[in-house]
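Peer 1: In the order they appear, the protein sequences are chains A and B.
Each residue of the first sequence is one higher than the one before, counting from 1 in UniProt numbering.
Each residue of the second sequence is one higher than the one before, counting from 1 in UniProt numbering.
We treat Cβ as the ideally placed atom computed from N, Cα and C, and that holds for glycine.
Protein chains: 2
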Amino acid sequence: MTTPPPARPLSATERTRHRRLREQGRADRAELDSILAAGFVCHLGVTVDGTLMVVPTVYGADDGTLYFHGSVASRSLVAAPGAAVCVTVTHIDGLVLARSVFEHGVNYRSAMIYGVPRPVTDEEEKLAGLRCLTEQSAPGQWDYARRPSRKELAATALLALPLDEASVKVRTGPPDDGDSPDAELGLWAGVLPLNASWGTLRPDPGLDPAIAPPPHLVHRAGTAAQA
Amino acid sequence: MTTPPPARPLSATERTRHRRLREQGRADRAELDSILAAGFVCHLGVTVDGTLMVVPTVYGADDGTLYFHGSVASRSLVAAPGAAVCVTVTHIDGLVLARSVFEHGVNYRSAMIYGVPRPVTDEEEKLAGLRCLTEQSAPGQWDYARRPSRKELAATALLALPLDEASVKVRTGPPDDGDSPDAELGLWAGVLPLNASWGTLRPDPGLDPAIAPPPHLVHRAGTAAQA
């Protein structure tokens, strides 16, 4: 993010106090916002008819609210509003290759958000939320593509989750066994980074070849995919 | 995967029948195995003290079983064995850029596995499970790095989840609005692929520069990260 918002502490409720992996817990709002800004797919945990489900879905994060499509879990979220969810966004940055198997791990950034999503019914807010969601994954497309018709808008279930209660965990850097007795083993240790990048635009096979991709897509192709 | 296993149908229980996105549901075992083989981080959904949590964690999949560390959810999984979980593995392959915002989407492969994980207590099975888990993310490291001591093994909680009940969803290909009235809008449409790749090995800053990385790591650096 180019202009991080002012730091506001994340809440530290019973379930976000980092009982485990305490050293990896972060508690500033900028870190949460940065993790959310760097992605566009979350894993939504919700209980549907007594069954816990974890569903991947696109999201948009803006101004203290996370938006996602209600359709992904319509059986529960539309049928039973008021259900608590956990939404997790994770970026995998690399493998931590230690001298011992026991110290192997992953460099990552992850945010878990807890709350009760609210169905967005106001048409203006729904448009704003869908814009946020669309621009999160495909910036520039809201102004380029055809916007939702009134009928499409009515067919879209959008949910809003406040970014009030969240747990952020980050691991960075080399393995932790550099000063353990294992360092004497003479084994290589370090990190193998994992990178995500946008590839080359693939036009719809049915597209008129005279139609060129818009600049915002041309500029994105081939670039790193995460902030 | 170079040698896909023989196709066994996934179960079609009430919760894996693809009520939504039916066209994207897949029901063969090879597709599940392929999705699991292409990753090493899952999102584990579990209810802990009445709170639903979605936790990212590494896994290993082998011969009908998914292994993961019990420590990631020790409060529930160790304290309350028998709890049902949902484990989801997702690969994002690209953005689907349609003529209309409404038809925008994501190309992806995702597997959701339902079940009750079993704590692995037998020392031999635990070693085999940890080998599977280690080799899933860092192939070659089990034979290269120092293996777990008896003390480390005792300190490691490993869980085994049978790959019996699963739901696989896949979306591939161009946008779906190529033959809709929107095709007349003259807008570009297609797919922007998202690629993952391994970067350049970063040695631990404390490492003796005379220690070279082993061939299995040298060969992996710079290659595509997914099958």
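For Arg99/B, which residues of its own chain have a beta-carbon under 8 Å away from its beta-carbon, when the five flanking residues on both sides are left out?
Peer 2: For the purposes of this step, residue 99/B is identified with residue 99 of the second sequence, where counting begins at 1. Only Pro175, Asp177, Ser180, Asp182, Ala183, Leu185, Leu187, Ala189 meet the Cβ criterion.
Peer 1: Tell me which residue opens and which closes the beta strand (DSSP E) that Val85/A is part of.
Peer 2: Taking the first residue of the first sequence as position 1, residue 85/A is located at position 85. From DSSP, the beta strand (DSSP E) with Val85/A extends over 85 to 97.
Peer 1: State the DSSP-derived secondary structure class of Thr134/A, mapped to helix, strand or coil.
Peer 2: Your numbering for residue 134/A matches position 134 in the first sequence. Note: Thr134/A maps to helix in three-state DSSP.
Peer 1: Should Tyr108/B and Pro56/A be called a contact, given that it needs their Cβ atoms to be closer than 8 Å?
Peer 2: On the second sequence, position 108 is the one that residue 108/B refers to. On the first sequence, position 56 is the one that residue 56/A refers to. Yes.
Peer 1: Using a Cβ-Cβ cut-off of 8 Å (strictly less than) and excluding sequence neighbours within five positions of Thr172/A, which residues of its own chain qualify?
Peer 2: Position 172 of the first sequence holds residue 172/A. Asp93, Asn107.
Peer 1: Quick one: list the residues of chain A neighbouring Ala204/B, beta-carbon separation under 7 Å, in chain order.
Peer 2: Within the second sequence, numbered from 1, the residue matching residue 204/B stands at position 204. Looking at the sequence provided, one finds Asp at residue 204/B rather than Ala. Those within 7 Å of Asp204/B in chain A are Pro174, Pro175, Gly178, Ala189, Gly190.
Peer 1: Is any beta-carbon of chain E found at less than 8 Å from that of Phe68/B?
Peer 2: In summary, chain E is missing from the structure at hand, where the protein chains are A and B.
Peer 1: How would you write the range of the beta strand (DSSP E) that Ile35/B sits in, first residue to last?
Peer 2: One-based indexing of the second sequence puts residue 35/B at position 35. Unbroken run through Ile35/B is the alpha helix (DSSP H), 29 to 37; no beta strand (DSSP E).
Peer 1: Compute the distance between the beta-carbons of Ala196/B and Ala221/B, then report whether it is under 8 Å.
Peer 2: Working through the second sequence from its first residue, we reach residue 196/B at position 196. Working through the second sequence from its first residue, we reach residue 221/B at position 221. Their beta carbons are not under 8 Å apart, which means Ala196/B does not touch Ala221/B by this criterion.
Peer 1: Run down chain A in chain order and give the residues with a C-beta less than 7 Å from the C-beta of Ser34/B.
Peer 2: Locating residue 34/B in the second sequence gives position 34, counting from the first residue. Neighbours of Ser34/B on chain A: none; closest Cβ ~17 Å, over 7 Å.
Peer 1: Would you call the region 197 to 208 of chain A and the region 200 to 211 of chain B touching, i.e. three or more CB-CB distances under 8 Å?
Peer 2: no
Peer 1: Would you check if the region 149 to 164 of chain B and the region 57 to 67 of chain B touch, i.e. whether three or more CB-CB distances between them fall below 8 Å?
Peer 2: yes
Peer 1: For His43/A, name the three-state secondary structure that DSSP assigns.
Peer 2: Your numbering for residue 43/A matches position 43 in the first sequence. In the structure shown, His43/A sits in a strand (DSSP, three-state: E or B).
Peer 1: Does DSSP put Leu159/A in a helix, in a strand, or in coil?
Peer 2: In the first sequence, the residue the question calls residue 159/A occupies position 159. In the structure shown, Leu159/A adopts extended strand secondary structure according to DSSP, grouped into three states.
Peer 1: Which of the three DSSP states is assigned to Ala224/B in this structure?
Peer 2: Position 224 of the second sequence, counted from the first residue, corresponds to residue 224/B. Strand.
Peer 1: Which of helix, strand or coil does DSSP assign to Arg150/B?
Peer 2: The residue given as residue 150/B occupies position 150 in the second sequence. Of the three classes helix, strand and coil, the one that applies to Arg150/B here is helix, per DSSP.
Peer 1: Cβ-heavy atom distance between Gly94/B and the ligand PLP below 7 Å?
Peer 2: In terms of ligand content, the structure shown is empty, and the ligand PLP therefore cannot be addressed.
Peer 1: From this set, Gly60/A, Arg146/A, Asp122/A, Thr156/A, which residue's C-alpha is nearest Glu135/A's C-alpha?
Peer 2: Taking the first residue of the first sequence as position 1, residue 135/A is located at position 135. Considering only alpha carbons, the answer is Gly60/A.
Peer 1: Please list, in chain order, all residues of the same chain as Asp122/B whose beta carbon is under 6 Å from its beta carbon, the five residues on each side excluded.
Peer 2: Locating residue 122/B in the second sequence gives position 122, counting from the first residue. Nothing meets the Cβ criterion.
Peer 1: Could you check the C-alpha separation between Val218/B and Leu95/A for me, to the nearest Å?
Peer 2: Counting from 1 along the second sequence, the entry for residue 218/B is found at position 218. Counting from 1 along the first sequence, the entry for residue 95/A is found at position 95. Each residue's Cα considered, the two are about 14 Å apart.
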